[in-house]
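> In this note's numbering, the protein residues as written are 102 to 552. Got a structure here, written out as structure tokens. Questions coming.
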């Protein structure tokens with residue numbers, strides 16, 4: 102009877118050892134999984150709305166962290182609501198003279214193993230003599246996805262506001278010189294609540310001013326050594342641990358070479374065969390654009406995609422696929438700004454950067470451009486063909502896909518340019534209905550350059 106007891110004891114010992122090994126393995130696995138990735142794979146969302154009363158263009162990042170994403174989406178919704186309120190109040194007080202506009206763009210300032218930092222730049226036109234500008238900087242803790250407010254960064258027993266202000270002024274004096282530092286313009290910038298706009302980076306802290314010019318920088322960098330005593334130990338240690346791994350990505354902007362002569366209007370087809378050009382604005386979109394390509398393939402149709410440069414930068418594989426399918430890619434500016442509010446240099450940059458990224462990604466340089474909101478500021482130096490639209494389904498936001506498609510089918514005629522949008526969920530259904538009806542009427546579907 103002793104042998105069974107011995108066997109049972111041995112088996113029990115093996116089981117205990119196995120359980121201990123599994124537990125340790127699980128603990129190690131949990132520890133590994135809880136560690137934040139060194140760098141998030143950041144994607145880009147765009148919210149573009151065009152009504153007669155107002156235009157909204159908002160670009161914002163999305164990450165693998167749901168908590169971060171929700172905070173950003175809440176901010177976007179708050180800014181939209183605030184804009185609509187300001188717009189309504191302005192119309193009630195001053196009347197409406199032109200469409201109001203909200204434009205928000207973003208820049209990822211830093212991300213390492215501990216922090217994800219993003220800056221939003223906002224401009225709002227509600228019919229006042231000057232545009233309203235603002236910025237919002239969000240510092241996130243990647244471990245829990247929570248936003249870190251400025252007052253959470255610093256030790257409670259230190260008067261960080263005054264000390265941070267003094268450090269900022271010292272750096273400004275060094276960078277601008279005494280004359281500029283004591284100017285009324287810079288002093289006005291220092292009066293605003295600029296200390297709310299601080300960003301964690303591996304260099305230390307970047308303090309963004311709410312007012313900048315050629316003489317006044319938009320930010321001041323306070324090195325780690327100068328601010329370590331102010332920071333809470335956890336943040337000082339985390340910044341130090343991240344080291345100098347972040348590399349600044351700089352994009353050079355050059356005028357693209359071109360031998361094309363300037364053209365201002367689309368040359369209509371003189372062929373006996375009826376043709377229309379289907380065009381898509383505001384893409385590429387990682388889900389909708391591939392579905393559009395599939396429908397175009399089914400009808401052996403070619404189209405022109407007017408792409409936003411910043412979205413091409415975030416979704417290069419989608420732009421590549423459009424080009425590989427033999428469709429035309431056009432320029433729709435870098436971030437869908439209203440160009441008539443920009444300086445000539447800023448307009449030039451909007452177009453040049455987009456030309457550059459599209460050529461870099463697809464190997465083809467665009468020869469056509471469509472400007473946001475149908476505007477046409479002078480861009481003759483670009484030698485690009487400006488493409489308006491003939492059929493656009495006005496007020497499409499409130500219509501069902503079938504109704505919108507029927508409007509387009511009824512309106513379309515030989516030589517027309519039809520406008521759809523990559524970012525709209527109903528676009529694929531509308532496209533299929535339009536292609537089906539017009540193909541039955543004998544239409545061919547070509548790019549705008551072929552029209």
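By construction, the Cβ of each residue, glycine as well, lies at the ideal position given by its N, Cα and C atoms. All of these numbers come straight from a predicted model, not from anything done at the bench.
#1: Tell whether a beta-carbon distance below 7 angstroms holds between residue 548 and residue 403.
#2: Does the count of Cβ pairs from the stretch 519-528 and the stretch 382-394 closer than 8 angstroms reach three?
#3: Could you tell me the distance, in whole angstroms, from the CA atom of residue 186 to the CA atom of residue 231?
#4: From this set, 220, 466, 470, which residue's C-alpha is nearest residue 297's C-alpha?
#5: Can you give the Cα-Cα distance for residue 536 and residue 490, rounded to whole angstroms?
#6: Is the CB-CB distance between residue 184 and residue 225 below 7 angstroms?
#7: Thinking C-alpha only, which one of 487, 466, 300 is nearest residue 475?
#8: Rounded to whole angstroms, what is the Cα-Cα separation between residue 119 and residue 180?
#9: Please return the same chain residues whose Cβ sits closer than 6 angstroms to the Cβ of residue 515, not counting the five positions on each side in sequence.
#10: Along the chain, which unbroken stretches of the beta strand (DSSP E) at least 3 residues long are found entirely within the stretch 128-211?
#11: Tell me the residue span of the beta strand (DSSP E) that contains residue 384.
#12: Helix or strand or just coil, what does DSSP make of residue 235?
#13: Buried or exposed: residue 542, going by 16 or more other Cβ atoms within 10 Å of its Cβ?
#14: Taking the C-alpha atoms as reference points, what is the distance between residue 530 and residue 407?
#15: Is it buried or exposed, residue 506, if we count other Cβ atoms within 10 angstroms and call 16 or more buried?
#16: Could you name the residues of the same chain whose beta carbon sits closer than 8 angstroms to that of residue 276, not counting the 5 residues immediately before and after it, in chain order?
#17: Secondary structure at residue 511, three-state DSSP: helix, strand or coil?
#18: Of the residues 493, 246, 140, which one's Cα is nearest the Cα of residue 62?
#19: Where does the unbroken beta strand (DSSP E) through residue 484 begin, and where does it stop?
#20: Identify which residue in 551, 513, 552, 520 has its Cα closest to the Cα of residue 540.
#21: Would you identify the three-state DSSP class for residue 415, choosing helix, strand or coil?
#22: Between the Cα of residue 212 and those of 327, 300, 159, spot the shortest distance and give me the residue it belongs to.
#23: So is residue 463 buried or exposed if we call it buried at 16+ other beta carbons inside 10 Å?
#24: Can you tell me where the alpha helix (DSSP H) holding residue 330 begins and where it ends?
#25: Can at least three beta-carbon pairs, one atom from the stretch 449-458 and one from the stretch 240-251, be found at a separation below 8 angstroms?
#26: Please report the straight-line C-alpha distance between residue 203 and residue 223, rounded to a whole angstrom.
#27: Express the C-alpha separation of residue 153 and residue 196 in angstroms, rounding to a whole number.
#28: Count the other C-beta atoms from every protein chain shown that fall within 10 angstroms of the C-beta of residue 445, then say buried if there are 16 or more, exposed otherwise.
#29: With respect to the alpha helix (DSSP H) encompassing residue 548, which residues constitute its N-terminal and C-terminal limits?
#30: Could you spell out where the beta strand (DSSP E) holding residue 392 opens and where it closes?
#31: Hey, residue 161 and residue 377 are a contact pair by Cβ (cut 8 angstroms); roughly how many whole angstroms apart?
#32: Quick check on DSSP: helix, strand or coil for residue 541?
#33: Give the straight-line distance between the Cα atoms of residue 144 and residue 210, rounded to the nearest whole angstrom.
#34: Given a cut-off of 7 angstroms, decide if residue 413 and residue 424 are closer than it, judged by their beta-carbon atoms.
#35: Could you have a look at residue 471 and say whether DSSP puts it in helix, strand or coil?
#36: Report the three-state DSSP secondary structure of residue 229 (helix, strand or coil).
The answer reads as follows:
#1: Residue 548 sits at position 447 when you count from the first residue of the chain shown. Residue 403 sits at position 302 when you count from the first residue of the chain shown. Taking 7 angstroms as the Cβ cut-off, residue 548 and residue 403 qualify as a contacting pair.
#2: yes
#3: Counting from one through the chain shown, the residue named residue 186 turns up at place 85. Counting from one through the chain shown, the residue named residue 231 turns up at place 130. Computed Cα separation, rounded: 18 angstroms.
#4: What you label residue 297 is simply residue 196 of the chain shown in a count that begins at 1. If we check each option's Cα against that of residue 297, 220 comes out closest.
#5: The sequence position of residue 536 within the chain shown is 435, counting from 1. The sequence position of residue 490 within the chain shown is 389, counting from 1. Each residue's alpha carbon lies about 17 angstroms from the other.
#6: The residue given as residue 184 occupies position 83 in the chain shown. The residue given as residue 225 occupies position 124 in the chain shown. Yes, the pair counts as a contact, with Cβ atoms nearer than the cut-off.
#7: Here residue 475 refers to the residue found at position 374 of the chain shown. Out of 487, 466, 300, 487 has the C-alpha closest to the C-alpha of residue 475.
#8: For the purposes of this step, residue 119 is taken as the residue at position 18 of the chain shown. For the purposes of this step, residue 180 is taken as the residue at position 79 of the chain shown. No answer about residue 119 holds up, because its pLDDT of 45 lies below 50 and its placement is not dependable.
#9: For the purposes of this step, residue 515 is identified with residue 414 of the chain shown, where counting begins at 1. Only 375 meet the Cβ criterion.
#10: 144-151, 155-163
#11: As a working mapping, residue 384 is identified with position 283 in the chain shown. Taken as a continuous stretch (DSSP letters only), the beta strand (DSSP E) holding residue 384 covers 376-384.
#12: The count along the chain shown starts at 1 and reaches residue 235 at position 134. Three-state result, residue 235: strand.
#13: The sequence position of residue 542 within the chain shown is 441, counting from 1. Its Cβ having fewer than 16 others within 10 Å, residue 542 is exposed.
#14: Position 429 of the chain shown holds residue 530. Position 306 of the chain shown holds residue 407. Approximately 20 angstroms between the Cα atoms of the pair.
#15: Position 405 of the chain shown holds residue 506. Residue 506 comes out buried.
#16: For the purposes of this step, residue 276 is identified with residue 175 of the chain shown, where counting begins at 1. 318, 321, listed in sequence order.
#17: Sequence index remark: in the chain shown, residue 511 carries index 410 (1-based). Reduced to three states, the DSSP call for residue 511 is helix.
#18: The chain is shown from 102 up to 552; residue 62 falls before or after that span and cannot be answered.
#19: Stepping through the chain shown from its first residue, residue 484 is reached at position 383. Taken as a continuous stretch (DSSP letters only), residue 484 belongs to no beta strand (DSSP E), as it is neither H nor E.
#20: For the purposes of this step, residue 540 is taken as the residue at position 439 of the chain shown. Cα-wise, what sits closest to residue 540 is 513.
#21: Here the question's residue 415 lines up with position 314 in the chain shown. Helix at residue 415.
#22: For the purposes of this step, residue 212 is taken as residue 111 along the chain shown, with counting starting at 1. The candidate whose alpha carbon is nearest that of residue 212 is 300.
#23: As a first step, residue 463 must be located in the chain shown, where it is residue number 362. Buried is the call here.
#24: Along the chain shown, one-based indexing puts residue 330 at 229. Where residue 330 is concerned, there is no enclosing alpha helix (DSSP H), given that its DSSP letter is neither H nor E.
#25: no
#26: Counting from 1 along the chain shown, the entry for residue 203 is found at position 102. Counting from 1 along the chain shown, the entry for residue 223 is found at position 122. Cα to Cα, the separation comes out at about 7 angstroms.
#27: Within the chain shown, residue 196 is the residue found at index 95, counting from 1. Within the chain shown, residue 153 is the residue found at index 52, counting from 1. Near 14 angstroms, if we compare the C-alpha coordinates of residue 153 and residue 196.
#28: Taking the chain shown and counting its residues from 1, the one referred to as residue 445 is at position 344. By the neighbour-count rule (16 or more Cβ atoms within 10 Å), residue 445 is not buried but exposed.
#29: If you number the chain shown from 1, residue 548 lands on position 447. Neither: residue 548 is in no alpha helix (DSSP H) and is coded neither H nor E.
#30: The count along the chain shown starts at 1 and reaches residue 392 at position 291. It is not in any beta strand (DSSP E) - residue 392 instead sits in the alpha helix (DSSP H) that spans 389-399.
#31: In the chain shown, the residue the question calls residue 161 occupies position 60. In the chain shown, the residue the question calls residue 377 occupies position 276. With 8 angstroms as the limit, residue 161 and residue 377 do not qualify as a contact, their Cβ atoms being about 34 angstroms apart.
#32: Sequence index remark: in the chain shown, residue 541 carries index 440 (1-based). Looking at residue 541 - three-state DSSP - the assignment turns out to be helix.
#33: As a first step, residue 144 is located in the chain shown; it is residue number 43 there, counting from the start. As a first step, residue 210 is located in the chain shown; it is residue number 109 there, counting from the start. Each residue's alpha carbon lies about 15 angstroms from the other.
#34: As a working mapping, residue 424 is identified with position 323 in the chain shown. As a working mapping, residue 413 is identified with position 312 in the chain shown. Result no, Cβ atoms of residue 424 and residue 413 do not sit closer than 7 angstroms.
#35: What you label residue 471 is simply residue 370 of the chain shown in a count that begins at 1. Of the three classes helix, strand and coil, the one that applies to residue 471 here is coil, per DSSP.
#36: Numbered from its first residue, the chain shown carries residue 229 at position 128. Coil at residue 229, not helix or strand.
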